[in-house]
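Numbering (the numbering used here), first residue to last: 25 to 273.
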């Protein structure tokens, strides 16, 4: 990672009220996305802190928003992204078109993090082949993707993936699925749509976010979320291992 000393938290920050808990950075994130981040952030953090290790490839790194979550678990991180990202990329080690072969050697990384990137790849099958190629045998891929989610970073927003597509892409590349968890459910989809619509007015988005968080903490809401997550997921968080003998989840 380049310019490590200059790295600053961007999309996520740690809460001043709940020590050690990561929350959306309201100064950096579009207000309409505060709610969805509150839904997935604990799952993302738990996954990253369990599986990030050794030499890590941050794939589609951008401003490296997850660095604060994994830096204490790894020996080295290599950041790669394309030059036409909508975000500044001062920390990249490699600038490359992620739709092409990665300029990286085979079997190099102990872990790979690819968060909310796959939907922006024009050829996801080639991308997954390349991801598996540079992962060491026994190494872990952490892959997060949205499902019920609005168009973003257009025109480079191409696909949405079901859990079945994710499992097939892993199987096609000798990656064994260790975990595949949906986050969100039907009520979260509704609230996220409302949040996106109100996001242009920051004060209104802030009021809605507080109300949505209060509603999402109720027992009835959590029960409906769990009951509908398989049919109405906001997205998925997957962990897959290369060349491991553990049976797929």
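Virtual Cβ for every residue (Gly too), placed ideally from N, Cα, C.
Exercise. Could you check the C-alpha separation between residue 147 and residue 172 for me, to the nearest Å?
Key: 20 Å
Self-check item: 7 Å Cβ shell around residue 144 - same chain, five flanking residues per side excluded
Solution: 177, 180, 181, 182
Quiz item: Which residues in the same chain as residue 65 place their Cβ atom closer than 8 Å to its Cβ, once the five residues preceding and following it in sequence are excluded?
Solution: 36, 46, 47, 48
Exercise. Output yes or no for whether 8 Å exceeds the beta carbon distance between residue 56 and residue 141.
Key: no
Exercise. Could you check how far apart the C-beta atoms of residue 193 and residue 261 are, in whole angstroms? I think they sit under 8 Å.
Key: In fact, because the Cβ distance is near 15 Å, the residues do not count as touching under 8 Å.
Exercise. Return the residue from the list 102, 139, 185 that minimises the CA-CA distance to residue 158.
Key: 102
Exercise. Could you tell me which residues DSSP puts in a beta bridge with residue 100?
Key: 79
Quiz item: Beta-carbon separation of residue 191 and residue 170 under 8 Å?
Solution: no
Exercise. Out of 221, 136, 229, point me to the one whose CA is closest to residue 161's CA.
Key: 136
Practice problem: Reducing DSSP to helix, strand and coil, say where residue 270 ends up. | Solution: In this predicted model, residue 270 has a pLDDT of only 46, less than 50, meaning its place in the structure is not dependable; the value taken from the coordinates is given anyway. Correct three-state label for residue 270: coil.
Practice problem: Look at residue 206 and residue 187 and say whether their C-beta atoms are less than 8 Å apart. | Solution: yes
Quiz item: Which two residues bound the contiguous beta strand (DSSP E) that contains residue 201?
Solution: 199-207
Exercise. Taking only runs that begin and end inside the stretch 143-226, name each unbroken alpha helix (DSSP H) of 4 or more residues, in chain order.
Key: 148-158, 187-196, 210-222
Exercise. Using a threshold of 8 Å, state whether the C-beta atoms of residue 27 and residue 89 are closer than that.
Key: no
Exercise. Pull up the CB-CB distance for residue 215 and residue 236, whole angstroms please, since I reckon it's below 8 Å.
Key: 5 Å
Quiz item: So the beta strand (DSSP E) residue 38 belongs to, where does it begin and stop?
Solution: 36-38
Exercise. Tell me whether residue 44 is buried or exposed, calling it buried when 16 or more other Cβ atoms sit within 10 Å of its Cβ.
Key: exposed
Quiz item: residue 227: buried (16+ other C-beta within 10 angstroms of its C-beta) or exposed?
Solution: exposed
Exercise. In the DSSP assignment, find the unbroken alpha helix (DSSP H) run with residue 137 in it and report its ends.
Key: Taken as a continuous stretch (DSSP letters only), residue 137 belongs to no alpha helix (DSSP H), being part of the beta strand (DSSP E) at 133-139.
Quiz prompt | Range covered by the alpha helix (DSSP H) that runs through residue 248 | solution = 243-252
Exercise. Go to residue 93, then tell me how far its alpha helix (DSSP H) extends in each direction, as first and last residue.
Key: 91-94
Quiz item: Do residue 76 and residue 94 have their C-beta atoms closer together than 8 Å?
Solution: yes
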